[in-house]
Amino acid sequence: MRDLDDRELRRRLELLVPFFRALGYRTLETYAAAGVLTTLPDASFPVSDARFRPTAEGLTCHPHGPVYFTITRAGELELGTGLGVPLTEAIIRYVQLAREQDLEDAGDEEGATEEFPPPRLVLDTETSRLYIVAVSRAHEPKSRPSFIPVEQYIQERAQLFVEAFRAAR
């Protein structure tokens, strides 16, 4: 049964490749428009909040908070610090299938006590929308997980990165 679920999950994630590609290009365009690509020599950049420090060579980037995604200069989204693994392969162990009406039950609290737990993703079986599960960092006993669409999460984190970059220049 688990093999059948894994095959179904892989099939559904493969259908999201064009979505990830478009999201990666939009994210890269956001960074390019802010001047990140011409200022920083890095091969990839975190899609997260960041702090920038001036050095003799320019600015250095220090991610602030968890880095669940990075963007390469080629516009490819990668999981974490980017190991060159296609995103659909890298996220498979963090994704579970669920229906939108069942999302509240899909996000258990396992691992939520870690400062930066691994990403937890839920793929809606009816809409094929991918969500990232966010849990309150205050770890309040009655806090419920939030399900944020991955495209919204990435756009918001990219904007935080760009705002921090602009503030440091």
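Position one of the sequence shown corresponds to residue -8 (the numbering used here), numbered consecutively onward.
We put the beta carbon where it would ideally sit given N, CA and C, even for glycine.
Proximity to residue i [Cα-Cα], best of the options
i: I145; options: L31, E117, R17; result: R17
i: F60; options: A155, Q143, R160, A158; result: Q143
i: Q87; options: D115, I139, V153; result: D115
i: R(-2); options: A125, E154, E80; result: E80
i: L28; options: L121, A65, V58; result: A65
i: E20; options: V38, V8, G49, L6; result: V38
Distance CB(residue i)-CB(residue j) smaller than 7 angstroms
i: E67; j: G15; result: yes
i: C52; j: A34; result: no
i: I83; j: L70; result: no
i: I62; j: F36; result: yes
i: L78; j: F152; result: no
i: A159; j: L31; result: no
Exposure label - residue i; buried when at least 16 CB within 10 Å
i: S119; result: exposed
i: S137; result: exposed
i: D(-4); result: exposed
i: G102; result: Because G102 carries a pLDDT of 46, less than 50, the predicted location of this residue cannot be relied on, and no value is offered for it.
i: R148; result: buried
i: R161; result: Only positions -8 to 160 of the chain appear in the structure, and residue 161 is not among them; the question remains open.
i: A13; result: exposed
i: A89; result: buried
Element boundaries [alpha helix (DSSP H), containing residue i]
i: E20; result: 8 to 25
i: A158; result: 141 to 159
i: L78; result: 78 to 82
Residue span of the beta strand (DSSP E) that contains residue i, given as start and end
i: L68; result: 68 to 70
i: A125; result: 121 to 125
i: R175; result: The structure shown does not extend to residue 175, since the chain is modelled only from -8 through 160, so no value can be given for it.
i: V113; result: 112 to 115
i: L88; result: 86 to 89
i: L50; result: 49 to 54
Rounded distance between the beta-carbons of residue j and residue i, thought under 8 angstroms
i: V141; j: V124; result: Not quite, the Cβ-Cβ distance comes to about 11 angstroms (not below 8 angstroms), so this is no contact.
i: A25; j: R157; result: 6 angstroms
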